[in-house]
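Enquirer: Residue numbers (mature numbering (1 follows the signal peptide of the UniProt record, and there is no 0)): -21 to -1, 1 to 455. For every residue, glycine included, the Cβ atom is placed at its ideal position computed from N, Cα and C. Okay, handing you the structure first.
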Amino acid sequence: MNTLTKSLLVVPILLALSSCARNPVTGRQDFVMMSEAQEVSIGLRQDILVKQQYRVYPSRALQDYVESVGQKVATRSHRPLLKYHYTVVDSPEINAFALPGGYIYVTRGILAYLNSEAELAAVLGHETGHVTARHGVRQQSASQAAQIGVTLASIFVPELGTNAGYNLTNMLGGALLSGYGREHELEADRLGADYLARSGYDPHAMINVVGVLKNQELFDTDIAKQEGREPRRYHGVFATHPDADTRLQQVVGESKSLEVANPYEGRDVFLRQIDGLTFNDSSDQGVVRNNVFSHGELGFSISFPSEWKVTNSPASISARSPDKLVSMQLKMDVKPTGTPTEYARRLTGGGSRVEPEEFNGLSAAIAYTPSTITGVTYLGSKTYIVQTVAKSPEVMDAQRNAVLNSMRSLHGMSEAERKKLRPLQVKIITVKTGDTYAELARRSPLGKNAESYLRLINAQYPKGEPTPGQSIKIID
């Protein structure tokens, strides 16, 4: 039997192992490998993992509001009897996502960029569409089938058991899965628009949300170039929304037939609900203000060079010089036995010069090589490590004083400093005569891109001005 014949045998065997179920949306038979009960069980287990990674946003009033809007949409969906759960997670990311079985999440980050209850319903309707069409189930079934196919293929076609064969089958399986993303996102948009109309909202709110995402992505692409990083993408790599213009055209085309008499917008209600919403960093993740990073819970603060770009991520705090030739990273470890000098020697090896230091009442050490400087500081039960790397010794020499000043600025926060520390918040104001985004930006703590941020969160990017008497969002 030749290789091609053996390969073809894999297909009927795989089909025999699979099962089909009627899609609640299309009515057609779908390839799935789990029941609805199994789908709900998977969602419950994954919900636990999500809440281990993301803190639930600590506002009962906001959680209840989002839940009520979600349930309003869900009861008019293709799977109204499924039990849905809508949760706001405490993340600055601009995102929303759905798990199998009715578990749906929105970040506080995306809420800051919405401007009405109808737009919130559009986001929740889109994610509900992923659940009703069983997109997660179909993807997981395809993944399981791909793995079964790889296993069977390696049995029946030994040539595929080689590295080259494995890479080929793995690549094909990945292509199948990544291909689902665009199709599913468009279907979720169509379903979301349908659910909006059924719930009494204008389905064009879906288009407004797409416009918000498009503008934010364009803005972040420009900022990412300045900062030397990849742009942040809504929904991640494989689930990235297709080109926003294409989506706009397709959604508009299909939503024209959805007419709603006296649609409900709910702008004022929504703005009241997000008044006081945390914006960007939260206090438990540490707060960056004027290049000073402070962490109230851990009780420390450090100043980075004034013109450097500071990035606060869950794993570490980093800073980069404007010319991108020097980078600093702050990490934390448990305080070991021994001195900071001993710790620094173990950390950097024998090729560095280590000098003991004491600043701000703290024991520390600094290790030097021609292109690196590493600071080790003991504070309480923790060790704080600041690692700095330059492209060349000459570059490090030019930045040496700025780097050392930053390392020596690390200190324990006083009670007064902790009390003053609070995250940025969304604040709703009424526009006065003479108010412009440029003027509001001058009074904003957002920094050099403040005007763009204010325009984005108020859906007036890149042009337009607020009108007197209008309620808008600022960041305080």
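Using 8 Å as the threshold, is the C-beta distance between A377 and A344 below it?
Expert: To locate residue 377, count along the sequence shown from 1; it is residue 398. To locate residue 344, count along the sequence shown from 1; it is residue 365. Contact: no.
Enquirer: Which of the three DSSP states is assigned to P137 in this structure?
Expert: Looking up residue 137 in the sequence shown gives position 158. In this prediction, P137 has a pLDDT of 45, which is less than 50 and means its spatial position is unreliable; what the coordinates show is noted afterwards. P137: helix per DSSP, three-state reduction.
Enquirer: Should D43 be labelled buried (16 or more other beta-carbon atoms within 10 Å of its own) or exposed?
Expert: Position 64 of the sequence shown, counting from 1, holds the residue named residue 43. Exposed.
Enquirer: For the region 86 to 98 and the region 53 to 64, state whether three or more C-beta atom pairs, one from each stretch, are separated by less than 8 Å.
Expert: No, because fewer than three Cβ pairs between the region 86 to 98 and the region 53 to 64 fall closer than 8 Å, the two stretches do not touch.
Enquirer: Going by Cα to Cα distance, which pick from S297, A240 and E238 is closest to V267?
Expert: Mapped onto the sequence shown, residue 267 falls at position 288. Nearest C-alpha to V267: S297.
Enquirer: Taking only the alpha-carbon atoms, compute the straight-line gap between G171 and R387 and give it to the nearest angstrom.
Expert: If you number the sequence shown from 1, residue 171 lands on position 192. If you number the sequence shown from 1, residue 387 lands on position 408. If I take the Cα positions, the gap works out to 53 Å.
Enquirer: Give the secondary structure of F283 by DSSP, where H, G and I count as helix, E and B as strand, and everything else as coil.
Expert: One-based indexing of the sequence shown puts residue 283 at position 304. Three-state DSSP puts F283 in coil, outside helix and strand.
Enquirer: Among the residues of its own chain, which have a CB less than 6 Å from the CB of I83, if the five just before and after it don't count?
Expert: For the purposes of this step, residue 83 is taken as residue 104 along the sequence shown, with counting starting at 1. Result list for I83: Y65, A77 and E106, in chain order.
Enquirer: Here's a check: name, in chain order, each residue in its chain whose Cβ is nearer than 6 Å to the Cβ of G278, leaving out the five neighbours to either side.
Expert: Along the sequence shown, read from residue 1 onward, the residue named residue 278 stands at position 299. Here the set comprises G391 and M392.
Enquirer: Given 7 Å as the limit, tell me if H109 has its C-beta closer than that to any heavy atom belonging to the ligand ADP.
Expert: With respect to the ligand ADP, the structure shown offers nothing to examine, as it has no ligands at all.
Enquirer: Taking 8 Å as the threshold (C-beta atoms), are V405 and F258 in contact?
Expert: Taking the sequence shown and counting its residues from 1, one reaches residue 258 at position 279. Taking the sequence shown and counting its residues from 1, one reaches residue 405 at position 426. Yes; because the gap between Cβ atoms is below 8 Å, this pair is in contact.
Enquirer: Among R24, G245 and L197, whose alpha-carbon lies nearest the alpha-carbon of A100?
Expert: Position 121 of the sequence shown holds residue 100. For the residues R24, G245 and L197, the minimum Cα distance to A100 belongs to G245.
Enquirer: What are the start and end residues of each continuous alpha helix (DSSP H) run of 4 or more residues lying completely inside the region 376 to 445, in chain order?
Expert: With a minimum length of 4 residues, the continuous alpha helix (DSSP H) runs that stay inside the region 376 to 445 are 394 to 399, 416 to 421 and 429 to 436.
Enquirer: Tell me the DSSP secondary structure of E334 in three-state form.
Expert: Walking along the sequence shown from the start, residue 334 turns up at place 355. The answer is strand: DSSP assigns E334 an E or B state.
Enquirer: Who are the near neighbours of R275 in its chain, counting only those whose CB is closer than 6 Å to its CB and skipping five residues on each side?
Expert: Here residue 275 refers to the residue found at position 296 when the sequence shown is read from its first residue. The identity of residue 275 in the sequence shown is Gly, whereas the question assumes Arg. Contacts found: S262, R397 and L400.
Enquirer: Measure the Cβ-Cβ separation of L191 and Y92 and say whether it is below 8 Å.
Expert: Position 212 of the sequence shown, counting from 1, holds the residue named residue 191. Position 113 of the sequence shown, counting from 1, holds the residue named residue 92. The question names Leu, but residue 191 in the sequence shown is Val. It is a contact, given that the beta carbons lie within the stated cut-off.
Enquirer: For D312, report the span of its beta strand (DSSP E) as first-last.
Expert: In the sequence shown, the residue the question calls residue 312 occupies position 333. Unbroken beta strand (DSSP E) run through D312: V305 to V313.
Enquirer: Looking at the structure shown, is S20 part of a helix, part of a strand, or coil, going by DSSP?
Expert: Taking the first residue of the sequence shown as 1, we reach residue 20 at position 41. Three-state DSSP puts S20 in a helix.
Enquirer: Give me the Cβ distance between N241 and F272, rounded to the nearest whole Å; I'm assuming they're in contact under 8 Å.
Expert: Counting from one through the sequence shown, the residue named residue 241 turns up at place 262. Counting from one through the sequence shown, the residue named residue 272 turns up at place 293. So it is not a contact: roughly 50 Å between Cβ atoms.
Enquirer: Mind pulling the beta strand (DSSP E) runs of 3 or more residues that sit fully within the region 27 to 82?
Expert: 64 to 68 and 75 to 78, all fully within the region 27 to 82.
Enquirer: So, does the region 409 to 427 touch the region 440 to 454, judging by three or more C-beta pairs under 8 Å?
Expert: A contact exists between the region 409 to 427 and the region 440 to 454.
Enquirer: Which one of A53, L256 and R251 has the shortest CA to CA distance from T96?
Expert: Counted from its first residue, the sequence shown places residue 96 at position 117. Note that residue 96 corresponds to Glu in the displayed sequence, not to Thr. Among A53, L256 and R251, the Cα nearest to that of E96 belongs to R251.
Enquirer: Would you identify the three-state DSSP class for R268, choosing helix, strand or coil?
Expert: For the purposes of this step, residue 268 is taken as residue 289 along the sequence shown, with counting starting at 1. R268 falls in the strand class under three-state DSSP.
Enquirer: Whole-angstrom Cβ separation of T353 and T318, contact assumed at under 8 Å?
Expert: On the sequence shown, position 374 is the one that residue 353 refers to. On the sequence shown, position 339 is the one that residue 318 refers to. That pair is no contact at about 15 Å.
Enquirer: For D201, count the other beta carbons within 10 Å of its own beta carbon; 16 or more makes it buried, fewer makes it exposed. Which is it?
Expert: Here residue 201 corresponds to residue number 222 of the sequence shown, with the count starting at 1. Classification of D201: exposed, given that the 10 Å Cβ count is below 16.
Enquirer: Just the Cα atoms here: how many angstroms apart are R177 and V382?
Expert: For the purposes of this step, residue 177 is taken as the residue at position 198 of the sequence shown. For the purposes of this step, residue 382 is taken as the residue at position 403 of the sequence shown. Whole-angstrom Cα-Cα distance: 59 Å.
Enquirer: Whose C-alpha, out of A75, V289, S47 and A53, is nearest the C-alpha of D173?
Expert: In the sequence shown, the residue the question calls residue 173 occupies position 194. D173 has its Cα closest to that of A53, out of A75, V289, S47 and A53.
Enquirer: Using beta-carbon positions only, say whether S371 and S350 come within less than 8 Å of one another.
Expert: Within the sequence shown, residue 371 is the residue found at index 392, counting from 1. Within the sequence shown, residue 350 is the residue found at index 371, counting from 1. Yes; because the gap between Cβ atoms is below 8 Å, this pair is in contact.
Enquirer: What does a CB cutoff of less than 6 Å around I27 pick up in its chain, not counting 5 residues either side in sequence?
Expert: Residue numbering aside, residue 27 sits at position 48 when the sequence shown is read from its first letter. Same-chain partners within the cutoff: there are none.
Enquirer: Could you work out which residue in E72, Q50 and E98 is closest to G81 when comparing CA atoms only?
Expert: Within the sequence shown, the letter at position 102 stands for residue 81. Nearest option by C-alpha distance: Q50.
Enquirer: Between the region 303 to 313 and the region 360 to 371, are three or more C-beta pairs nearer than 8 Å?
Expert: Touching, yes.
Enquirer: Please confirm whether T362 and K314 have their CB atoms less than 8 Å apart.
Expert: In the sequence shown, the residue the question calls residue 362 occupies position 383. In the sequence shown, the residue the question calls residue 314 occupies position 335. A contact, by the Cβ cut-off of 8 Å.
Enquirer: Based on the DSSP output, what are the partners of H274 in its beta bridges?
Expert: Walking along the sequence shown from the start, residue 274 turns up at place 295. DSSP lists F279 as partners of H274.
Enquirer: Using 8 Å for Cβ pairs, my map puts N194 next to Y36. What's the rounded Cβ distance?
Expert: The sequence position of residue 194 within the sequence shown is 215, counting from 1. The sequence position of residue 36 within the sequence shown is 57, counting from 1. About 24 Å separates the two Cβ atoms, so there is no contact after all.
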